Amino acid sequence: MTRKSGTGTSKSWLCAMVTSALLLQMPAAVLAEEADNQETFSLDAMVITANRVPTEVAKTAANVTVVSQEQIENGPYANLGDVLRDVNGVAVTTKGFAGAGQTVYLNGDDRVLVMIDGRRLSRPQGTVNGGRASIDLNSIVSLDNIERIEIVKGGASALYGSDAVGGVINIITRKGTEAKTTVDFSAGSWGIRNYGLSTQGSENGFSWYITANKKEQDYAEYNVLNPALTAGSSKGDNRRWPNSRYEGEGFTMRLDKELDAERSVTFNFEHWNDEGGRPISVEYLSDELLDRSTSLANNWALTYDFNKQQAVPGFARIYANYANQGFYGTYKSRVQGLAYQTGWQLSDRHKLLAGVDWEKGEVLENIYYNGTQDAINYKNKAVTNTAIYLQDIFTVTDKWTVTPGMRYDHHSKFGGQTTPKVNVNYSADSSTDIYISYNKVFKAPTVDDLYYNMYDPVNGSSYGDPNLKPETGHVVSAGVNKKLDDKTSVAVNCFTSNLTNAIAWDWDDPMHSQVRNIAKQKKRGIELDFKHKLSERYYTELGYSYINIKENRDNAGYLVDPKNSQPNGYRVKAGYTDAKWDVNVNGQSASGLDQEYFVDSNYWVWNLAANYKMTPDATVYFNVYNLGDKAYELSSSKGKYSRIGGYPMASRHFVMGVKYSF
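This is the structure in structure tokens:
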């Protein structure tokens, strides 16, 4: 699908932040204590995403990972994709320049629901990147306002409906506390310049947390993967990505008002606006006027929380998300939604949860540029979905917990879908939990899947199909969480996923692509995690994941998916922390890649983050990305417009900055 650029990025209020210094760090003793906590996240800690009510991590009967605020602040992360890519079992595909689309995969599946504070961020037409994803991670504007990220791998349609086939990512934002303002400035390779500001406070039950940031980059560089695509080069040579300038600016706000101990009101707002070059591949001479992308996002939500001190809290929410993307066209969409949830502690053994969701997704405008003029693809197409769900957390004994649940969704295009689930958790002892879960899942076609209608005799035409069927299936997960001692924990998780009527876009010939239901798709996988605190100052984490993806098109037999970007995944993290220093090195690897779709069958890439606390209020930091200066790729470029090796990741580069709070 080809898309056209839009107007330039505003350069107004954020330019005033080009001052100095940045973010808060804590007093020395607290810093060391929290650094210890961040690397061995307690299995007793509470999360909300897995069961929609506060539940201990070890008791959720799910594969749950939590990324803390401290991990994000101290890690080598420039954006949300960097954070998630560091998590074992998670894959994030992208290209090697700023502003490139980012798609997240859980359990090898891009049908992932991404939320902020429990609010859906899905876009009705899908993403520019294609595939089954419903959100581009680049639209998540800031890391500065994140309290933690809860990642639940495995089917979750019974609680969250469509999109949650591979799992759920819930970004929990920070609530304002003590009065404090933090400023941030960093600069690095290729003209990278980042400016940030956050301010927070609390008074008489009213609190606020506000962030603003601006990012600029003059260009990006890569290391050659396929010399056939870059004239006069050898593998590993350093080259500049053509047309890779980027700039973006964002703003987030969270306002909270405590009405009493049981009730509160929260208002959230997020804004993001960016513009940058979007080269199709390194082998094509990129047109700086045409090969550009823009994006604008404005999201808000108003939430009333009640029964906050009860075992099953409730809430009522109204929200809206607006997006305007430009890339060889103009693509505007709007989502409006309502959500209500309540519950009851029926007895010591039963927690009953019930809720209602309503959401309307509209594509307001879908106009593409065919090389000479704008042409209407489709516009003013909308889908609505109304759902009710019910769940009972049944504590059978002190060791056994069974959680059945069911959701009914009514889609304006596809009618009713019922998705039951049942999770079973067995606490063998105080340090061991074993679980198994069954979840029926479904994913409705996007509006693009249904109505896309692009006729382009030069570059090729693409067509949706209003007669598509929704994707349906089931996911079974099982695992063991074991705390060996106060310093060591291990986890083993496995899953199997089976889908019928999986949706795929295929090129029937070089000039025609069509969306269709393929017969079946199945995934199998296993995930191993090991965390150990070597001493009060040293820690380490190891992770391995295996994912096998097969498709059976037209009942012709199962074939392995050659585009799987992480058949075998490896994660290594080692760090040192004391009252002044926090230094960590993170390694990411994949092996078993198909060399018909990827240049190399494997890769290793290492990143470094060093933080030094000069004073209680000032910290300097230094991040190095791709320490070994490796040539590697995270997504296959093989297709109509490019040969393999066309999407190399960025070569070695660095960012240095300072944070100051007052």
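With mature numbering (1 follows the signal peptide of the UniProt record, and there is no 0) as the guide, the letters of the sequence shown map in order to residues -32 to -1, 1 to 630.
By construction, the Cβ of each residue, glycine as well, lies at the ideal position given by its N, Cα and C atoms.
Computed from a predicted model, the values in this text were never measured in an experiment.
Simplified DSSP state of Tyr45, which is helix, strand or coil:
In the three-state reduction of the DSSP assignment, Tyr45 falls in the coil class.
Per-residue burial, Gly156 [other beta carbons within 10 Å of its own, 16 or more giving buried]
Under the 10 Å beta carbon count, Gly156 is surrounded by 16 or more other beta carbons and is classified as buried.
Just the Cα atoms here: how many angstroms apart are His621 and Trp209?
If you take the alpha carbons of His621 and Trp209, they lie about 14 Å apart.
Residue from Ala18, Val21, Ala26 and Ala13 whose Cα sits closest to the Cα of Tyr394:
Checking every option, the nearest Cα to that of Tyr394 belongs to Ala26.
Ile114 bridges to which residues according to DSSP?
For Ile114, which the question treats as bridged, DSSP gives the partners Thr141.
Would you kindly report the start and end of the unbroken alpha helix (DSSP H) that includes Val415?
Residues Val415 to Tyr419.
Give the single residue among Tyr287, Thr62 and Trp549 whose Cα lies nearest to the Cα of Tyr589.
When only C-alpha atoms are compared, the closest one is Trp549.
Can you tell which of Val415, Asp366 and Tyr406 has its C-alpha closest to the C-alpha of Asp397?
Per the Cα distances, Asp366.
Please give the ranges of any alpha helix (DSSP H) in the region 323 to 389, keeping only runs that are unbroken, at least 4 residues long and fully inside the region.
Positions of the alpha helix (DSSP H) runs, each at least 4 residues long and wholly inside the region 323 to 389, cannot be given because no such run exists.
Nearest residue (CA-CA) to Arg20, options Asp54, Phe174, Ile248 and Phe283
Nearest of Asp54, Phe174, Ile248 and Phe283 to Arg20, Cα basis: Phe283.
Let me make sure I understand the geometry here. Which of Glu24, Tyr45, Ala265 and Thr17 has the alpha-carbon closest to that of Ser90?
Of the candidates Glu24, Tyr45, Ala265 and Thr17, the one whose C-alpha sits nearest the C-alpha of Ser90 is Ala265.
From this set, Asn113, Arg375, Ala547 and Lys349, which residue's C-alpha is nearest Thr145's C-alpha?
Per the C-alpha coordinates, the member of Asn113, Arg375, Ala547 and Lys349 positioned closest to Thr145 is Asn113.
List the DSSP bridge partners of Met221.
Bridge partners of Met221: Ile178 and Phe237.
Return the chain-ordered list of same chain residues with a C-beta closer than 7 Å to the C-beta of Gly(-25), the five sequence neighbours on each side being excluded.
Interpretation of Gly(-25) is limited by its pLDDT of 39, a score under 50 that renders its predicted location unreliable; the figure taken from the coordinates is listed afterwards. These residues qualify, in order along the chain: Glu243.
Straight-line gap, Lys450 to Ala577 (C-alpha atoms, nearest Å)
A direct Cα-Cα distance of roughly 29 Å separates Lys450 from Ala577.
Limits of the unbroken alpha helix (DSSP H) element including Ser254:
Segment: none, Ser254 is in no alpha helix (DSSP H) and carries neither H nor E.
Is Tyr346 near the ligand NAP, in the sense that its beta carbon is under 8 Å from a heavy atom of that ligand?
Ligands are entirely absent from the displayed structure, and the ligand NAP is therefore not among its contents.
Kindly indicate the opening and closing residues of the beta strand (DSSP E) around Ala577.
Looking at the DSSP string, the run of the beta strand (DSSP E) that includes Ala577 is Asn570 to Thr583.
For Ile40, three-class secondary structure by DSSP:
Helix, per DSSP.
CB contact flag (residue 719, Glu327, <9 Å):
As displayed, the chain neither begins before -32 nor continues past 630, which places residue 719 out of reach and without an answer.
Does the separation of the CB atoms of Lys300 and Leu270 fall below 9 Å?
In this structure, Leu270 does not lie closer than 9 Å to Lys300 by Cβ.
Trp312 bridges to which residues according to DSSP?
In the DSSP secondary-structure assignment, Trp312 is bridged to Leu320.
Return no unless some Cβ of chain C is closer than 9 Å to the Cβ of Ala269.
You won't find chain C in this structure, because it holds only one protein chain.
At least 3 beta-carbon pairs within less than 8 Å: the region 484 to 497 vs the region 509 to 522
They touch, by the three-pair rule.
With which residues is Thr468 paired in a DSSP beta bridge?
DSSP lists Thr440 and Lys488 as partners of Thr468.
Cβ atoms of Val392 and Ser465: under 9 Å apart, would you say?
No, Cβ-Cβ distance for Ser465 and Val392 is not below 9 Å.
So, for Gly607: in the same chain, excluding its five sequence neighbours on each side, which residues have a beta-carbon less than 8 Å away from its beta-carbon?
Excluding its 5 nearest sequence neighbours in each direction, Gly607 has C-beta neighbours in its own chain below 8 Å: Trp475, listed in chain order.
Considering only the alpha carbon of each residue, which of Tyr615, Gln309, Asn591 and Leu561 lies closest to Ala46?
Closest option to Ala46, Cα to Cα, is Asn591.
Pairwise C-alpha distance: Gly129 and Ser481
CA-CA distance, Ser481 to Gly129, rounds to 29 Å.
Name the residue from Gly86, Val80, Asn42 and Gly122 whose alpha carbon lies nearest to the alpha carbon of Ser102.
Answer by Cα proximity: Val80.
Limits of the beta strand (DSSP E) - the one that Tyr538 falls within
Residues Asn536 to Thr545.
Using 10 angstroms around the beta-carbon of Ala196, count the other beta-carbons present and answer buried if the total reaches 16, otherwise exposed.
Classification for Ala196: exposed.
Neighbourhood of Ser202 by C-beta distance below 6 Å, restricted to the same chain and skipping five residues each side
Hits under 6 Å: Pro195.
Suppose you measure from the CA of Gly323 to the CA of Tyr308; what does that come to, to the nearest Å?
Distance between the alpha carbons of Gly323 and Tyr308: 5 Å.
Does the Cβ of Arg116 have 16 or more other Cβ atoms within 10 Å, making it buried, or fewer, making it exposed?
Counting C-beta atoms within 10 angstroms of its own C-beta, Arg116 has 16 or more neighbours from the protein chains shown and is therefore classed as buried.
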